[in-house]
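Here is the structure we will look at.
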Amino acid sequence: MDRDGRRRQSASFNRSYQLTEETPVYVISVAAQLSGLHPQTLRQYDRLGLVSPDRTAGRGRRYSARDIELLRQVQQLSQDEGINLAGIKRIIELENQVAALQARVAELSSAVDGAAAAMRQREAQVHASYRRDLVPYQDVQQASALVVWRPKPKPTRPTD
1 MDRDGRRRQS ASFNRSYQLT EETPVYVISV AAQLSGLHPQ TLRQYDRLGL VSPDRTAGRG
61 RRYSARDIEL LRQVQQLSQD EGINLAGIKR IIELENQVAA LQARVAELSS AVDGAAAAMR
121 QREAQVHASY RRDLVPYQDV QQASALVVWR PKPKPTRPTD
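So that you can map any letter, position 139 of the sequence shown is 139 in the UniProt record's numbering, and since no number is skipped, the others follow by simple counting.
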């Protein structure tokens, strides 16, 4: 217990349970109030696959903050834009596909950045391993001077 007489929660409990916008916490009546829709409309949207909330063990619907925002978006597209529910479903599917592709692009960009960093590191290791007594090679065709090397004749040995 802490000094105020309250029971202290373990650190692991605090870390394991975090509310996010994906956390399903709202029952259908609360989700209907938050979205400004009738609960029967939410059930209809669920049947059509427009907004699919999580389910409890007893099969009750639990809506997340993201689901509430999606309900508002569906209503706005339907009433303000005049788009039918089939069109709205297709829009939602395409937006989800775009989000998945953007996540994949970010993942691949990260992988490319990592590979490029590893390549630069390996290149630096190779350059560091060069022998320092080597000199750069110049292509003879590009040089203006011509160098001819002729070996000196070997001295002959007198015969016995």
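Note that beta-carbon positions come from the ideal geometry of N, C-alpha and C, so glycine has one too.
Check: Leaving out the 5 sequence neighbours to the left and right, which residues in its chain are closer than 8 Å to Ala117 when beta-carbon positions are compared?
Finding: One-based indexing of the sequence shown puts residue 117 at position 117. Answer for Ala117: no residue qualifies.
Item checked: DSSP-derived helix/strand/coil call for Tyr130 -> Along the sequence shown, read from residue 1 onward, the residue named residue 130 stands at position 130. In this structure, Tyr130 counts as coil in the three-state DSSP scheme.
Note to self: Given a cut-off of 8 Å on the beta-carbon distance, is the pair Arg62 and Arg55 in contact?
What the structure shows: Numbered from 1 along the sequence shown, position 62 holds the residue referred to as residue 62. Numbered from 1 along the sequence shown, position 55 holds the residue referred to as residue 55. Yes. Within cutoff.
Check: The alpha helix (DSSP H) with Arg47 in it runs from where to where?
Finding: Along the sequence shown, read from residue 1 onward, the residue named residue 47 stands at position 47. Arg47 -> alpha helix (DSSP H) spans 39 to 48.
Next item on the list: Tell whether a beta-carbon distance below 8 Å holds between Leu50 and Val74.
Entry: Translated into positions along the sequence shown, residue 50 becomes position 50. Translated into positions along the sequence shown, residue 74 becomes position 74. With respect to Val74, Leu50 sits close: the two C-beta atoms are nearer than 8 Å.
Next item on the list: Per DSSP, which residues does Arg55 bridge with? Please list them.
Entry: Within the sequence shown, the letter at position 55 stands for residue 55. According to DSSP, which records beta bridges pairwise, Arg55 is partnered with Arg61.
Next item on the list: Under the assumption that Ser64 contacts Glu22 (Cβ atoms under 8 Å), give the Cβ distance between them as a whole number of angstroms.
Entry: Within the sequence shown, the letter at position 64 stands for residue 64. Within the sequence shown, the letter at position 22 stands for residue 22. Correct: roughly 5 Å between the Cβ atoms.
Notebook entry, point to check: Taking Cβ positions, are Ile68 and Ala99 nearer each other than 8 Å?
Noted result: In the sequence shown, residue 68 corresponds to position 68, counting from 1. In the sequence shown, residue 99 corresponds to position 99, counting from 1. Not closer than 8 Å, so no.
Note to self: Is it buried or exposed, Leu110, if we count other Cβ atoms within 10 angstroms and call 16 or more buried?
What the structure shows: Taking the sequence shown and counting its residues from 1, the one referred to as residue 110 is at position 110. The question names Leu, but residue 110 is Ser in the sequence shown. Of the other Cβ atoms in all chains shown, fewer than 16 fall within 10 Å of the Cβ of Ser110; this residue is therefore exposed.
Notebook entry, point to check: Residues in its own chain within less than 6 Å of Ile83 by CB, not counting five upstream and five downstream?
Noted result: The residue you call residue 83 lines up with position 83 of the sequence shown. The answer, listed in chain order, is Leu77.
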